[in-house]
Amino acid sequence: MAKAASKRKERIQLLNYLSRDISTRTIFFHQWIANYLGLSEIDHKCLDIVLRSEKPLTGNQLAYETSLTAGAITGIVDRLEKAGYVYRQRDKQDRRLVYVIPFREKALMEIGPLFEILQKGMDKIFSDYDDKELDLITDYLSKTVKVLEDATIHVRSMVESKRFKQKT
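Using our numbering, the first residue of the sequence shown is number 52, and each one after it goes up by one.
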């Protein structure tokens, strides 16, 4: 029994190590893409969110999705607009709402080729698994995304609390 518990602990440690390694390598990968596009990594990932969204996002919705402040999002959208990847569009019924609309074709033409080798590698990995295994991987990744969202919100609140205490 102790041997099984030890083996499980080793597996969990390896999973944690590999998760951290994936995170690190993902950051470097996206940093090089952002560099190629002339964007910061955060600008690039905000563009990714805008491109993946099924409907247009407002700046406030993008702020919520990223846990960034509205002020930070304004700067990001300014830079994305200047780079020609997005434009702002006012809502016809409620002029207070401003949507961030991607120039989808331009973005996909410039970004798509950068992801080809990664996508081919991922397709190869996915082909190694049956549907049940893919469902398990999807479940794991979905839960991981939720944990990361919650952790991001928690750390952001800690940072904001620390800033507030420093001002008072």
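For glycine and all other residues, C-beta sits at the position ideal for the given N, C-alpha and C.
Best match in the options for proximity to residue i [C-alpha to C-alpha]
i: ALA202; options: ALA114, ILE63, SER91 and SER118; result: SER118
i: ARG207; options: GLY110, ASP129, ILE168 and GLU116; result: GLU116
i: ALA134; options: LEU108, GLU200 and TYR87; result: TYR87
i: PHE166; options: ASP145, ASP190, ALA85 and LEU148; result: ALA85
Residue interval of the alpha helix (DSSP H) (run including residue i)
i: ARG62; result: 53 to 88
i: PRO164; result: 155 to 178
i: SER193; result: 182 to 218
i: GLU92; result: 92 to 103
N-terminal and C-terminal residue of the beta strand (DSSP E) that residue i is part of
i: ARG139; result: 137 to 141
Buried versus exposed, by CB contacts within 10 Å (16 or more), residue i
i: TYR136; result: buried
i: HIS95; result: buried
i: LEU90; result: buried
i: VAL196; result: exposed
i: LEU187; result: exposed
i: GLY110; result: buried
i: VAL198; result: exposed
i: ALA158; result: buried
i: LEU169; result: exposed
Inter-residue spacing [alpha-carbon to alpha-carbon] between residue i and residue j
i: GLU105; j: TYR138; result: 16 Å
i: ILE100; j: THR75; result: 20 Å
i: ALA114; j: CYS97; result: 9 Å
i: LEU66; j: LYS54; result: 18 Å
i: TYR68; j: ASP142; result: 46 Å
i: GLN82; j: ILE162; result: 13 Å
i: MET209; j: PHE215; result: 10 Å
i: PRO153; j: LEU102; result: 6 Å
i: ALA56; j: ARG62; result: 10 Å
i: THR189; j: LYS218; result: 43 Å
i: GLN64; j: LEU192; result: 17 Å
i: HIS205; j: ARG147; result: 30 Å
Assigned secondary structure, residue i (DSSP; H/G/I helix, E/B strand, else coil)
i: LEU119; result: coil
i: LEU148; result: coil
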